[in-house]
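A quick write-up on the structure given underneath.
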Amino acid sequence: MQPTARKPVKVESSWSIMDRVGLGLAWAAGLSLCLVAGSIIAYMAYKGIQYVSWEMITSAPEASLDQSATGGFLDPIIGSLVLTVIGIVIAVPVGVAVAVWLTEYGRPSGLARAVESGVEIVAGTPSIVLAIFGLLIFQQSFMGLFSFTAEGGAVFGRSFIAAGAMMSIVALPLVIGATREAMMTIPRHVREASYALGKDRATTIRRVLLPSARSGIATGATLGMGRIIGDTAIVVILLGASMQISPEDGFGGIFRGTGSTLTSYVYNNSPAGEGNAPEKAYAAAFVLLLIVIFLNAAVGLIGRRNKPQWN
Amino acid sequence: MELRQEQPQQNGTGPASGTVPPLRRIIVDSETPPVHVADQVPSYEYAPDPLAGVALDPEANIGWTEERMRTEALTIAYGGKVAVNEVSLEVNTGEVLALIGPSGCGKTTLLRSLNRLVELTPAAKRTGRIMLDNESVDDFDVTHLRSRVGMLFQQPNPFPMSIFDNVAYGLRERGSKRPRKKELEPIVVDALERAGLWDEVSKNLNHPALALSGGQQQRLCIARSLAVSPEVLLLDEPCSALDPISTGIIEETIVGLAVDIAIVIVTHNLQQASRVADRVAFMYLGDMVECGTSGQVFGAPVAERTKEYIGGGFG
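Chains V and E, in that order, give the protein sequences.
First residue of the first sequence? That's 1 in my numbering, and the numbers climb one at a time after it.
First residue of the second sequence? That's 1001 in my numbering, and the numbers climb one at a time after it.
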């Protein structure tokens, strides 16, 4: 996860032409990637700063034909946060449990291999597929608890819980991957030292291995958050089409209700969506980009901190 | 942090460079009068005569031993490969037993079988018996066995927690109720004192253990093992990752502990074996070739193999 620092390569005059060309291409590839990332950020910042205002961030969206009266995107910001929290609260315990099982137990090995490829398949599944699959599940009548039920008994199947549950699946492979990697870098003799003090596996995992893997788990959780916050398909399909957060009455409140996130707000306000308010889309996209950049910086910081080093 | 700076430099000057100097020389060279570590360990019923301060001379050691562990025709095989072949050996309280031999001769496997750590390797198969106080180790609950037979590893491996918590680790979560810090404190302090680390860390008990220097970490690991008051301590090349000065300190600690703990040390360093061990067992390709007092094995080895092996180390 951490970039490895190396001494800069010194181009010797004795280098063959192929080596020089290769080095040049590698440089060019790296630089052009920076250029792409830089221009996205610069363009979004240029557009975003033009339109974003404090009022926009702190006022709720309103339905109106008059563009000046459609309000801001407070609800989508809250929606993004709520959805991220739901997704991470589900994904981290499940992901850590799977990672611990894979690294510390992993038996029978056939089952471990099946779990591994399951994780890979989930990681490679487009979120639109997960969203449709989620809708199928949450519209079943026994899932009525998790969303709005119409009078005839039909289950709506769209709610923060439904979207959050599918979002946790999006984040799961990242949590599992980062946790596994952290667990595998703990030397075997550290585990054995705990066993040699008369501790069983469960205690060793809880008191030694998980604390050692803490930064890895945090990295995975942060990467997962970034994925959840950036995902659109699941929100569009599973969170309902309302821009405002509309909680259900009584039990469950906001979690059973529908709403929107920054991504669905951008989509809906862009010319590609139903609305046609590009300046609002730019402003919201700028806020979203800031959150994602912040999360990425957090990943870097967490990855470097608190990582125990043995020989 | 700051503690790390205390790690001695190895810059190739002085007697500390190259090979490990004999321990006796460190004592002679030191400015304080020579004191044997055993003297600093109070309240032992059979404390050695301080004037036997040659105490590092194996022949003049404590003179009181009691059998603690015993292997009988112990054979361990990984898959079809026999790593330890019909080894019978006693491990006694009051002495240090060194297992020596070339790489891959089975010494570490033998050592790890004594606390059943070898069972973590799925392919390992064991026949023969291992007894602790005349009871087969298989009859013990494995966690109970391991709290009576402690182990120290090649690499220092403190857990990522404070110094105090490291030493208290073995004491916690033994039963249903969690002992309070107050109750643990005297045991932790005692263990740190016996491992010779107390003076260096007494003010920093809440500092992270991984910030200590390598030698301090290894002594912390000794303290961690001592806290659960083991009867046997297994050391798997405990000094191979350490500098000569740390090695010297740990060797002194080992000799001091041997008064009331049975110690088995695996080492590739024959000088170290001769410095700390009372008895030496030489292994070759899984067989125990020779076992006797240190003086006997190093001074007058019987077997041809032993002569060849120690000939390399003792010229």
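Beta carbons: idealized from backbone N, C-alpha and C, even for Gly.
Cβ atoms of E/PRO1102 and E/TYR1284: under 8 angstroms apart, would you say? Taking the second sequence and counting its residues from 1, the one referred to as residue 1284 of chain E is at position 284. Taking the second sequence and counting its residues from 1, the one referred to as residue 1102 of chain E is at position 102. By the CB criterion at 8 angstroms, E/TYR1284 and E/PRO1102 fall inside the cutoff.
Taking 8 angstroms as the cut-off, decide whether the C-beta atoms of V/GLN185 and V/GLY220 are in contact. Reading the first sequence from its first residue, position 185 is the one you call residue 185 of chain V. Reading the first sequence from its first residue, position 220 is the one you call residue 220 of chain V. A small fix is needed here, since residue 185 of chain V is Thr in this sequence, not Gln. Contact flag unset, no.
For the alpha helix (DSSP H) containing V/GLY153, list its first residue and its last residue. Locating residue 153 of chain V in the first sequence gives position 153, counting from the first residue. Here V/GLY153 belongs to no alpha helix (DSSP H), and DSSP marks it neither H nor E.
Which same chain residues, not among the five before or five after E/ARG1146, have their C-beta less than 6 angstroms away from its C-beta? Within the second sequence, numbered from 1, the residue matching residue 1146 of chain E stands at position 146. Within its own chain, the residues whose Cβ lies closer than 6 angstroms to the Cβ of E/ARG1146, once the five positions on either side in sequence are excluded, are ASN1115, listed in chain order.
Residues, ordered as in the chain, of the stretch 97-114 of chain V that lie near chain E by beta-carbon distance below 7 angstroms: none
Taking one C-beta from the stretch 1187-1198 of chain E and one from the stretch 1264-1279 of chain E each time, how about it: are there three or more such pairs within less than 8 angstroms? no
What in chain E is Cβ-close to V/ASP200, meaning under 9 angstroms? Translated into the one-based positions of the first sequence, residue 200 of chain V becomes position 200. Per Cβ cutoff of 9 angstroms: VAL1142 and THR1143.
Drop a sphere of 10 angstroms on the beta-carbon of E/THR1121, count the other beta-carbons inside from all chains shown, and report buried for 16 or more, exposed for fewer. Here residue 1121 of chain E corresponds to residue number 121 of the second sequence, with the count starting at 1. Its Cβ having fewer than 16 others within 10 Å, E/THR1121 is exposed.
Skipping 5 residues on each side, what residues in its chain have a beta carbon closer than 6 angstroms to that of E/MET1151? Here residue 1151 of chain E refers to the residue found at position 151 when the second sequence is read from its first residue. Once the five neighbours on either side are set aside, the close Cβ partners of E/MET1151 are ASN1115 and LEU1234.
Local Cβ density within 10 Å of V/PHE156, reported as buried at 16 or more and exposed below that: As a working note, residue 156 of chain V is residue 156 in the first sequence. Result: buried.
Can you name, in chain order, every residue of its own chain whose Cβ lies under 7 angstroms from the Cβ of V/ASP75, other than the five neighbours on each side? Taking the first sequence and counting its residues from 1, one reaches residue 75 of chain V at position 75. Hits under 7 angstroms: ALA60, PRO61, MET243, GLN244, ILE245, GLY259 and SER260.
Contact with chain V by E/ASN1204, beta-carbon distance below 8 angstroms: Translated into the one-based positions of the second sequence, residue 1204 of chain E becomes position 204. No, E/ASN1204 does not count as interfacial toward chain V.
Is V/SER64 close to chain E? Criterion is C-beta to C-beta, closer than 8 angstroms. Here the question's residue 64 of chain V lines up with position 64 in the first sequence. Not an interface residue.
Output needed for E/VAL1228: all residues of its chain with C-beta closer than 6 angstroms, excluding positions within five of it in sequence on either side, in chain order. Taking the second sequence and counting its residues from 1, one reaches residue 1228 of chain E at position 228. So the list reads SER1147 and GLY1170, once near-sequence residues are dropped.
Among E/LEU1099, E/SER1113 and E/ASP1236, whose alpha-carbon lies nearest the alpha-carbon of E/VAL1297? On the second sequence, residue 1297 of chain E is found 297 positions in, with the first residue counted as 1. Nearest option by C-alpha distance: E/LEU1099.
Please confirm whether V/ARG256 and V/PHE148 have their CB atoms less than 8 angstroms apart. Counted from its first residue, the first sequence places residue 256 of chain V at position 256. Counted from its first residue, the first sequence places residue 148 of chain V at position 148. Yes, they are a contact pair.
For E/VAL1232, list the residues DSSP reports as bridge partners. Here residue 1232 of chain E corresponds to residue number 232 of the second sequence, with the count starting at 1. Paired residue(s): E/VAL1149 and E/ALA1262.
Mind checking which residues open and close the beta strand (DSSP E) that includes E/VAL1091? For the purposes of this step, residue 1091 of chain E is identified with residue 91 of the second sequence, where counting begins at 1. Here the beta strand (DSSP E) through E/VAL1091 covers 1081-1093.
For the 8 angstroms Cβ check, are there 3 or more pairs between the stretch 223-241 of chain V and the stretch 82-96 of chain V? yes
By how many angstroms is the C-alpha of V/LEU301 removed from the C-alpha of E/ASP1039? In the second sequence, the residue the question calls residue 1039 of chain E occupies position 39. In the first sequence, the residue the question calls residue 301 of chain V occupies position 301. Its pLDDT being 47, under 50, E/ASP1039 is placed unreliably by the model, and nothing is read from it.
Work out the CA separation of V/ARG188 and E/MET1069 for me, nearest whole Å. Reading the second sequence from its first residue, position 69 is the one you call residue 1069 of chain E. Reading the first sequence from its first residue, position 188 is the one you call residue 188 of chain V. Taking the straight line joining both Cα atoms gives about 26 angstroms.
Look at the alpha carbon of V/ILE40 and the alpha carbon of V/ALA29, and state the distance between them as a whole number of angstroms. The count along the first sequence starts at 1 and reaches residue 40 of chain V at position 40. The count along the first sequence starts at 1 and reaches residue 29 of chain V at position 29. Approximately 17 angstroms, taken between the alpha carbons.
Please report how far the alpha carbon of E/PRO1021 lies from the alpha carbon of E/ALA1273, in whole angstroms. Along the second sequence, read from residue 1 onward, the residue named residue 1021 of chain E stands at position 21. Along the second sequence, read from residue 1 onward, the residue named residue 1273 of chain E stands at position 273. Residue confidence is low: E/PRO1021 scores 45 on pLDDT, short of 50, so the model does not pin down where it sits. Its coordinate-derived value is still stated next. About 13 angstroms.
Can you check the stretch 182-270 of chain V for any alpha helix (DSSP H) of at least 4 residues that lies completely inside it and give the ranges in chain order? 188-195, 201-204, 214-230, 233-238 and 262-269
Considering only residues of the same chain and omitting the five flanking positions on each side of E/GLU1090, which have a CB-CB separation below 6 angstroms? As a first step, residue 1090 of chain E is located in the second sequence; it is residue number 90 there, counting from the start. Result list for E/GLU1090: GLU1067 and ARG1070, in chain order.
For E/GLN1218, which option in E/CYS1239, E/VAL1232, E/PRO1208 and E/ILE1076 has the closest C-alpha, if you only look at C-alpha atoms? Stepping through the second sequence from its first residue, residue 1218 of chain E is reached at position 218. The candidate whose alpha carbon is nearest that of E/GLN1218 is E/CYS1239.
Relative to the C-alpha of E/THR1108, which residue among E/GLY1079, E/HIS1268 and E/GLY1094 is closest? Translated into the one-based positions of the second sequence, residue 1108 of chain E becomes position 108. Taking only the C-alpha atoms, the option nearest E/THR1108 is E/HIS1268.
Answer with yes or no whether the minimum CB distance from V/ALA193 to chain E is below 8 angstroms. Indexing the first sequence from 1 puts residue 193 of chain V at position 193. Answer yes: the Cβ-Cβ gap between V/ALA193 and chain E drops below 8 angstroms somewhere.
In angstroms with no decimal places, state the Cα-to-Cα distance between V/LEU172 and V/GLY216. Position 172 of the first sequence, counting from 1, holds the residue named residue 172 of chain V. Position 216 of the first sequence, counting from 1, holds the residue named residue 216 of chain V. If I take the Cα positions, the gap works out to 14 angstroms.
For the ligand GDP, any of its heavy atoms closer than 7 angstroms to the Cβ of E/ASN1166? The ligand content of the structure shown is nil, which means the ligand GDP is not present either.
Closer than 8 angstroms to chain E by CB, V/SER215: Residue mapping note: residue 215 of chain V aligns to position 215 of the first sequence, counting from 1. Judged by the 8 angstroms Cβ criterion, V/SER215 is not in contact with chain E.
Taking 8 angstroms as the CB-CB limit, is E/PHE1164 close to chain V? As a first step, residue 1164 of chain E is located in the second sequence; it is residue number 164 there, counting from the start. Taking Cβ atoms only, chain V never reaches closer than 8 angstroms to E/PHE1164, which makes this a no.
Mind listing, in chain order, the continuous beta strand (DSSP E) runs of no fewer than 3 residues lying wholly within the stretch 120-151 of chain V? List check, beta strand (DSSP E) in window: nothing returned.
Which value, in whole angstroms, describes the spacing of the CA atoms of V/LEU111 and E/ILE1263? In the first sequence, counting from the first residue as 1, residue 111 of chain V sits at position 111. In the second sequence, counting from the first residue as 1, residue 1263 of chain E sits at position 263. So the two alpha carbons sit approximately 42 angstroms from each other.
The alpha helix (DSSP H) spanning E/LYS1107 covers which residue range? Translated into positions along the second sequence, residue 1107 of chain E becomes position 107. Here the alpha helix (DSSP H) through E/LYS1107 covers 1107-1114.
Cα-Cα separation, E/ARG1024 to E/GLY1080: For the purposes of this step, residue 1024 of chain E is taken as the residue at position 24 of the second sequence. For the purposes of this step, residue 1080 of chain E is taken as the residue at position 80 of the second sequence. Because E/ARG1024 sits at a pLDDT of 41, beneath the cut-off of 50, its placement in the model cannot be relied upon, and the point is left open.
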